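Undergrad: Numbering (this note's numbering), first residue to last: 5 to 197. Got a structure for you, written out below as structure tokens; questions coming shortly.
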């Protein structure tokens with residue numbers, strides 16, 4: 005059979021079915037017309053208003069880093085629409101929140117934790133606290149371990165101490181007296197704790 009005769013047979017069959025089922029034919033014709041009339045009525049009842057072009061702030065994915073991802077979630081919770089392009093729309097820009105409180109806090113924490121001099125000072129402070137704690141524990145539990153020898157004041161002072169400068173300049177002591185004070189030994193068993 006040829007293709008043209010198949011199409012004619014299909015159209016004849018379709019026409020015969022529609023002719024026999026008149027209600028179905030009316031529904032198939034009037035249903036789209038009613039929908040179109042409803043849409044026209046809605047357009048007339050609610051006229052269009054002019055909306056400017058919307059530019060939304062970028063929202064980073066979790067793979068961009070935890071800070072940009074959290075900022076994208078919390079800083080754009082209301083999903084604002086801007087009239088002009090946002091800084092984050094350019095390619096390669098992940099975060100446009102460089103001046104936010106969270107970003108500044110993150111930078112400050114990184115500065116503190118990654119600054120070697122600060123870490124050294126914290127480490128030195130921790131060592132001093134630990135050694136003082138051990139020393140006090142020894143005094144409480146086993147005072148005979150440090151008895152009789154005495155503790156030199158110079159051993160307690162730090163390298164960058166200002167006690168000698170204070171005693172020489174402000175208190176007016178002579179160098180020999182300051183030397184004797186700094187090198188004096190204190191017997192801890194005589195000190196009341």
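Note that the Cβ used here is the ideal one computed from N, Cα and C, for glycine as well. Quick caveat, the model's predicted, so the values are computed rather than measured.
Could you spell out the range, first to last residue, of the alpha helix (DSSP H) harbouring residue 8?
TA: From DSSP, the alpha helix (DSSP H) with residue 8 extends over 7-24.
Undergrad: Should residue 156 and residue 189 be called a contact, given that it needs their Cβ atoms to be closer than 7 Å?
TA: A contact, by the Cβ cut-off of 7 Å.
Undergrad: Are the Cβ atoms of residue 82 and residue 61 separated by less than 7 Å?
TA: Cβ atoms of residue 82 and residue 61: not closer than 7 Å.
Undergrad: Enumerate in chain order the residues of its own chain whose CB-to-CB distance from residue 29 is below 6 Å, with the five nearest sequence positions on each side excluded.
TA: Answer for residue 29: 22, listed in chain order.
Undergrad: Alpha carbons only, please: which of 86, 160 and 177 is nearest the one belonging to residue 58?
TA: Among 86, 160 and 177, the Cα nearest to that of residue 58 belongs to 86.
Undergrad: Please state whether DSSP places residue 189 in a helix, a strand or coil.
TA: Three-state DSSP puts residue 189 in a strand.
Undergrad: Suppose you measure from the CA of residue 159 to the CA of residue 146; what does that come to, to the nearest Å?
TA: In a straight line, the C-alpha of residue 159 is about 20 Å away from that of residue 146.
Undergrad: Mapping DSSP to helix, strand and coil, what is residue 177?
TA: Residue state, collapsed to three classes: coil.
Undergrad: Decide if residue 72 is buried, meaning its Cβ has at least 16 other Cβ atoms within 10 Å, or exposed.
TA: The residue is buried, with at least 16 neighbouring Cβ atoms inside 10 Å.
Undergrad: Ignore the nearest five residues each way along the sequence and tell me which others in residue 45's own chain have a CB closer than 7 Å to its CB.
TA: Excluding positions up to five away in sequence, the list is empty.
Undergrad: Hey, quick one: how far does the alpha helix (DSSP H) through residue 64 stretch, first residue to last?
TA: Residue 64 -> no alpha helix (DSSP H), and no H or E assigned at all.
Undergrad: Would you tell me roughly how many angstroms separate the C-alpha atoms of residue 39 and residue 33, rounded to the nearest one?
TA: Rounded to whole angstroms, residue 39 to residue 33 spans 11 Å at the Cα level.
Undergrad: When you compare only the Cα positions, how much space is there between residue 173 and residue 126?
TA: Computed Cα separation, rounded: 31 Å.
Undergrad: How would you call residue 184, buried or exposed, if buried means at least 16 neighbouring beta carbons within 10 angstroms?
TA: So residue 184 counts as exposed.
Undergrad: Exposed or buried, which one is residue 75 when buried takes at least 16 other CB atoms within 10 Å?
TA: Burial call: buried.
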